[in-house]
Amino acid sequence: MKQIKLTVNGKLYELSVPPWETLVEVIRDDLGLTGTKEGCGLGECGACTVIMEGKAVNSCLVLATEADGKQITTIEGLADGDKLHPIQQAFVDHGGFQCGFCTPGMIMSAKALLDKNPTPSEEEIRRGIAGNLCRCTGYTKIIESIKAAAKNMEGK
Amino acid sequence: MSEFSVIGKRMPRVDAREKVTGEAKYAADYSLPGMLWCKLLRSPYPHARILNIDTSKAEKLAGVKAVITGKDFGGWTWGWMPATRDEPPLAVDKVRYMAEAVAGIAAIDEDTAEEACELVKVNYEELPGVFDPEAAMKEGAPKVHDYVKNNISVEYHWNFGDVEKAFAESYIVREDSFRTARATHGYLEPPAILAYYDPTGYITVWAAKQSPYFHYRHLAACFKLPLSKIRVIQPFIGGGFGGTKNDSLAGDFCAVLLSKMTGKPVKYVESMEEELTTSRRRHNLIVYSKMGVKKDGALTAIQHRVIADGGGYTAIGPLSLYLAGFATTLPYKLPNFKYDGYRVFTNNPIGAAMRGHGITHSRFAAEIQMEMIAEELGIDPVEMRMRNAIDNPKPGTIYETINKVSLKTCGMKEAIQKVTEDPVWRDRGKMPRKEGNISWGVGLSATSYLGGARQMGHQSCAAIVRVCEDGTVNLITGATDCGQGSDTVLCMIAAEELGVKLGDITIKRVDSAYTPVDPGSYGSRVTILAGQATQKAAGEAKKQLLEAAAKTWQVKPEDVEIKDGEVFVKSDPAKSMPFSRLARIACYSGTGAVILGTGYSSYGVEPLDLNTGIGNGGTSYSFTAQSARVGVDTETGKITVTDFTIASDCGRLLSPITAEGQIEGGSVQGLGQTLYEDFMMDRGKTLNPTFLDYKMPLAMDVPNIKLIDIETNDPDGPFGAKEASEGSIVSSPPAIVSALHDAVGVWFKELPVTPEKVVKALKEKVRRHT
């Protein structure tokens with residue numbers, strides 16, 4: 001077992017984990033933050049996307065020990081109490097989700113994109129979520145939602 | 157001003173907040189104290205006799221609590237119809253497809269359960285397999301099941317009119333064969349279940365099921381318990397699209413039996429590799445199509461001979477094969493139609509339902525073949541479609557096809573007209589045809605799909621509307637929102653009918669201990685059937701409220717109106733009160749009354765006639781016309797789709813955001829199965845069981861999608877609604893293939909149209925012309 005410390009949504013956790021445990025397992029099973037979804041477990045679908053040190057990562061491909069000492073944001077860390085994050089609000093307003101299984105990962109990829117590039121072109125938005133599969137929406141309303149979020153967040 | 161307060165408004169979905177915050181819990185998100193994990197051992201052979209299974213080593217592994225094999229289910233089997241119950245929860249005497257489950261383990265954690273699977277020793281006698289459905293039909297082919305002849309799992313032979321005479325009298329008759337891909341649903345949530353067999357004899361499961369009442373009946377039958385002791389609690393569902401999540405799976409039965417044996421809750425979550433090797437995917441079909449046409453382009457006859465690869469078991473196959481036939485008489489006037497359909501057992505994974513079920517194959521074949529004939533005759537493709545499309549029946553009249561499919565509304569011609577007036581089609585001549593290696597083309601399709609699927613013996617579909625004393629409302633149905641947005645649509649129907657705000661309605665997900673039984677989410681039936689039930693239930697609750705208001709104001713109930721959360725006397729609007737006040741008055745009236753409205757659907761109860769193909773498969777029918785613009789790199793074969801314009805007659809649009817999302821999503825799923833998606837199989841083995849190798853569209857691949865709403869008001873649907881979820885997965889493939897022909901002059905008759913096929917076809921074309 002390995003001792004690790006990681007900060008998730010601003011809260012510090014100290015955990016003892018087996019060396020093969022992945023970050024998605026830590027987040028879901030040890031911390032009980034089930035908002036992060038596990039789809040394929042192989043880094044192909046993007047459902048488990050979280051933000052680690054400012055970058056969107058597939059948490060199924062990150063070993064828990066690699067996350068030692070890192071700052072991590074999951075979907076649970078976005079809203080401010082009852083007030084949704086502008087990206088979440090845009091997904092609500094523009095119907096940027098259907099079954100909702102890809103949604104947490106999709107929103108985290110969108111956040112990583114907008115944090116770096118607050119005024120992305122449509123091409124950049126499409127590229128920014130190219131690692132996140134969505135089988136329900138055909139992406140159209142997701143792209144619309146991210147565009148609207150970028151607009152609403154302008155200057156903030 | 158619209159006559160409606162809620163219907164037709166662009167309102168956010170009712171499940172939005174839970175889904176964007178990660179609060180929505182799916183089956184795999186549930187856990188119970190003391191829970192065990194289940195894993196399955198799967199067969200390494202596609203066809204083999206099981207000689208012996210030794211579980212002793214696995215049982216001895218520390219942390220293993222129970223091990224089961226097929227025999228532990230006592231010979232129970234299940235299937236879609238009584239005559240086709242051919243599938244055991246775990247294989248008993250032989251395995252019929254690769255990765256069929258043969259043993260189940262319950263252990264203290266997932267890793268231990270997996271390790272124990274490797275310790276189960278199975279002695280197999282490998283049998284010759286059969287993987288091509290046409291080879292499987294031949295005399296002497298390996299037998300997958302003993303109870304049928306020549307591996308024919310289901311067959312239908314229908315004959316309407318006189319096709320032979322019609323062909324003889326036709327100006328042109330074409331014969332072609334078309335093939336569709338081995339495509340799968342591709343939802344991101346793998347099947348999962350948390351099961352608890354209470355020692356007092358109750359089963360409770362939290363399972364990812366889009367039709368939970370199938371599962372409810374399966375569990376009662378398998379475990380020989382009354383239905384009242386089966387509790388299926390519905391989590392949020394991470395996508396369905398038919399097939400797998402409509403049915404029960406080996407992992408479900410094993411989790412329940414292992415829970416019964418251990419007295420502990422048992423959780424099972426399928427891996428994506430297991431899902432992609434065993435999913436109850438779309439049947440891949442061969443359609444031999446013969447079509448006759450008069451000199452003026454009028455269709456005279458279609459004859460279809462269809463071969464469906466059924467895989468190892470029957471599952472929902474009888475319905476798949478029916479659907480591949482009955483709707484071929486839509487959306488064009490067709491005086492003669494013959495159908496010979498065969499669903500054939502092979503040692504491939506099971507063929508079952510997927511969005512656009514059955515119809516997507518035969519419509520693809522017929523639509524492309526009709527355009528090929530138009531080309532031969534020199535008739536414009538729009539003119540060809542307009543000449544044959546069924547007219548919108550005048551209100552109060554019914555159009556009946558040769559096989560007695562009846563339409564009360566049909567927006568086909570209007571949809572074709574609107575799509576061809578849109579710039580993608582209208583201005584195609586002004587756009588470049590060739591840029592470097594890229595050849596551009598624009599194509600068209602006109603298709604139909606059923607809504608409100610008819611049932612086979614389980615028609616019950618009800619809703620309960622309970623008005624609370626504070627004026628809020630619980631809507632209780634047996635319907636399942638597996639992502640398509642039906643919870644929102646049902647809440648909108650209830651709000652409109654009651655006269656309250658959408659936010660005042662809370663919908664409960666299925667809990668079979670409390671919610672009324674419902675067939676499930678398939679065949680685009682929820683909005684139409686559960687929607688009608690909801691409308692009726694809300695209407696009944698409203699009647700009770702109006703009576704309470706009338707008593708208070710000393711007027712007649714019909715003089716009282718409820719709208720936008722306000723109650724008032726029509727002739728004297730000064731007499732008014734908020735809905736919440738009326739709710740309190742009604743609930744506190746001293747009569748002991750509870751304001752409870754119930755309603756059930758009257759649609760879809762006429763049984764399907766599978767053997768004759770006569771009659772309706774649906775309650776009503778949607779009509780979709782679509783254009784597509786594509787660019788083909790003639791060097792590499794790479795295809796880029798830049799535009800879709802889709803005009804859909806979905807009846808009245810109840811929730812525009814929801815319906816648009818369905819049409820967009822369906823069209824992109826259709827794009828995937830036209831261009832990329834296909835399981836590569838080698839003697840029963842799936843060679844691409846990952847999302848890296850089974851390619852689905854990404855955000856980069858998606859065209860600009862423009863939607864056009866063709867509004868009809870169908871008498872058979874709540875507020876005039878028809879289906880919106882499946883039409884565009886039927887219209888996309890022919891639109892894209894028609895565009896490819898426009899771009900490179902080749903008719904592609906086999907899906908998916910991969911770059912290799914494009915390059916090969918272009919080389920062939922050059923060879924033929926030199």
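The listed protein sequences derive, respectively, from chains A and B. Take our numbering: the final residue in the first sequence is number 156, and no numbers are missing along the way. Take our numbering: the final residue in the second sequence is number 926, and no numbers are missing along the way. Even for Gly, the Cβ is constructed at its ideal location relative to N, Cα and C. Since the structure is predicted, the reported quantities are computational estimates derived from the model, not experimental observations.
Subject >> Beta carbon of Thr633(B) nearer than 8 Å to that of Thr671(B) >> reply: Thr671(B) is positioned such that its CB atom lies closer than 8 Å to that of Thr633(B).
Original post:
The beta strand (DSSP E) with Cys99(A) in it runs from where to where?
Top reply: It is not in any beta strand (DSSP E) - Cys99(A) carries neither H nor E in the DSSP assignment.
Original post:
When Cβ atoms are compared, which residues of the segment 393–414 of chain B fall closer than 7 Å to chain A?
Top reply: Within the segment 393–414 of chain B, the residues whose Cβ lies closer than 7 Å to some Cβ of chain A are Ile393, Gly394, Gly395, listed in chain order.
Subject >> chain B contact residues for Gly35(A), given Cβ-Cβ distances below 9 Å >> reply: Listed along chain B, the residues sitting closer than 9 Å to Gly35(A) by beta-carbon distance are Thr177, Gly178, Glu179, Ala180, Asp185.
Original post:
DSSP beta-bridge partners for Arg173(B)?
Top reply: Under DSSP, Arg173(B) takes part in no beta bridge, so it has no partner.
**OP:** Ignore the nearest five residues each way along the sequence and tell me which others in Thr576(B)'s own chain have a CB closer than 6 Å to its CB.
**Re:** Within the same chain, Thr576(B) has close Cβ partners Val538.
**OP:** Name, in chain order, the residues that DSSP records as bridge partners for Pro734(B).
**Re:** Glu722(B), per the DSSP bridge assignment.
Original post:
Relative to chain A, which residues along the segment 842–868 of chain B have a C-beta separation below 7 Å, given in chain order?
Top reply: Against chain A - using a Cβ distance shorter than 7 Å - the residues of the segment 842–868 of chain B are Thr846, Phe847, Leu848, Met852, Leu854, Ala855, Met856, Val858, Ile861.
Original post:
Taking buried to mean at least 16 other C-beta atoms within 10 Å of its own C-beta, is Gly592(B) buried or exposed?
Top reply: Result: exposed.
Original post:
Would DSSP call Cys194(B) helix, strand or coil?
Top reply: Correct three-state label for Cys194(B): strand.
Original post:
Taking Cβ-Cβ distances shorter than 8 Å, what residues in chain C pair up with Pro474(B)?
Top reply: Absent here is chain C; the protein component of the structure consists of chains A and B.
Subject >> Nearest residue (CA-CA) to Leu764(B), options Phe735(B), Gln640(B), Gly567(B), Gly773(B) >> reply: Sorting Phe735(B), Gln640(B), Gly567(B), Gly773(B) by C-alpha distance to the C-alpha of Leu764(B) places Gly773(B) at the top.
Subject >> Residues near Leu701(B) in its chain [Cβ-Cβ closer than 6 Å; skip 5 each side] >> reply: Here the set comprises Leu738, Ala742.
Original post:
When we look at the beta-carbon of Glu320(B) and count the other beta-carbons within 10 Å, is it buried (16 or more) or exposed?
Top reply: Label assigned to Glu320(B): exposed.
**OP:** Take the Cβ of Leu133(A) as the centre, count every other Cβ of all protein chains shown within 10 Å, and call the residue buried at 16 or more, exposed below.
**Re:** Counting Cβ neighbours within 10 Å, Leu133(A) comes out buried, since at least 16 surround it.
Original post:
Grouping DSSP H, G and I as helix and E and B as strand, with all else coil, what is Phe493(B)?
Top reply: Here Phe493(B) sits in strand by DSSP.
Original post:
DSSP on Pro579(B), reduced to helix/strand/coil?
Top reply: It is helical.
Original post:
To which residues does DSSP link Gly235(B) through a beta bridge?
Top reply: Answer is none; Gly235(B) lacks a bridge partner.
Subject >> Segment contact flag, the segment 408–424 of chain B with the segment 193–211 of chain B, C-beta cutoff 8 Å, min 3 pairs >> reply: Contact holds: three or more Cβ-Cβ distances are below 8 Å.
Subject >> According to DSSP, residues forming a beta bridge with Gly467(B) >> reply: BP columns for Gly467(B) point to Phe501(B).
Subject >> Proximal chain A residues relative to Cys638(B), where beta-carbon distance stays under 8 Å >> reply: Contacts between Cys638(B) and chain A, judged by CB atoms closer than 8 Å, involve Cys99 in chain order.
Original post:
Can we say the segment 640–656 of chain B touches the segment 715–725 of chain B, given the rule of at least three CB pairs closer than 8 Å?
Top reply: Using a Cβ-Cβ distance cut-off of 8 Å, the segment 640–656 of chain B and the segment 715–725 of chain B are in contact, since at least three pairs of beta carbons, one from each stretch, lie closer than that value.
Subject >> Through-space distance from His301(B) to Pro104(A), alpha-carbon basis >> reply: Separation of Pro104(A) and His301(B) (C-alpha to C-alpha, rounded to the nearest whole angstrom) is 45 Å.
Subject >> Distance between Pro474(B) and Pro238(B) (C-alpha atoms, nearest Å) >> reply: Each residue's Cα considered, the two are about 12 Å apart.
Original post:
Near Pro890(B), what residues of its chain come up, given a Cβ to Cβ distance below 6 Å and the 5 sequence neighbours on each side ignored?
Top reply: Counting only Cβ-Cβ distances below 6 Å, and skipping sequence neighbours, we find Phe520, Glu523, Ile524, Ser601.
**OP:** Specify, as a first and last residue, the run of the alpha helix (DSSP H) that Tyr372(B) falls within.
**Re:** Tyr372(B) -> alpha helix (DSSP H) spans 368–379.
**OP:** Return the Cβ separation of Lys1012(B) and Tyr832(B) in integer angstroms, given the expectation that the two are a contact with Cβ distance under 8 Å.
**Re:** Within the shown structure, residues of chain B are numbered from 157 to 926, placing residue 1012(B) beyond reach of any answer.
**OP:** Give every residue of the same chain whose Cβ lies closer than 6 Å to the Cβ of Leu33(A), excluding the five residues on either side of it in the sequence, and list them in chain order.
**Re:** Excluding positions up to five away in sequence, the list reads Ile27, Thr74, Glu76.
Subject >> Nonlocal neighbours in the same chain, by C-beta distance under 8 Å from Met167(B), ignoring five residues either side >> reply: Cβ contact annotation for Met167(B) (same chain, cutoff 8 Å, sequence separation greater than five): Thr644, Met648, Leu658, Ser811, Ile813, in chain order.
Original post:
Considering Leu420(B), what are the terminal residues of the beta strand (DSSP E) in which it resides?
Top reply: One point to set straight first is that residue 420(B) is Lys, not Leu, in the sequence displayed. No beta strand (DSSP E) contains Lys420(B), which DSSP labels as neither H nor E.
**OP:** If I'm right that Thr7(A) touches Gln88(A) with Cβ under 8 Å, what's the distance once you round it to whole angstroms?
**Re:** Not confirmed; about 21 Å, so no contact.
Original post:
Under 8 Å between the Cβ atoms of Gly760(B) and Gln615(B)?
Top reply: Against a cut-off of 8 Å, the Cβ pair of Gln615(B) and Gly760(B) comes out as a contact.
Original post:
By a C-beta neighbour count over all protein chains shown, 10 Å radius and 16 as the cutoff for buried, is Ile849(B) buried or exposed?
Top reply: The sequence given here has Asp at residue 849(B), not Ile. Classification for Asp849(B): exposed.
Original post:
Residues of chain B with a CB under 9 Å from the CB of Ala64(A): which are they?
Top reply: In chain order: nothing, as chain B lies at least about 15 Å away.
Original post:
So, Thr360(B) versus Arg338(B), is the Cβ gap smaller than 8 Å?
Top reply: A distance of 8 Å or more separates the beta carbons of Thr360(B) and Arg338(B).
Subject >> Cutoff 7 Å; reference Asn9(A); Cβ partners in own chain excluding five residues on either side >> reply: Closer than 7 Å at the Cβ level, and outside the excluded window around Asn9(A), lie Thr73, Thr74, Glu76, Gly77.
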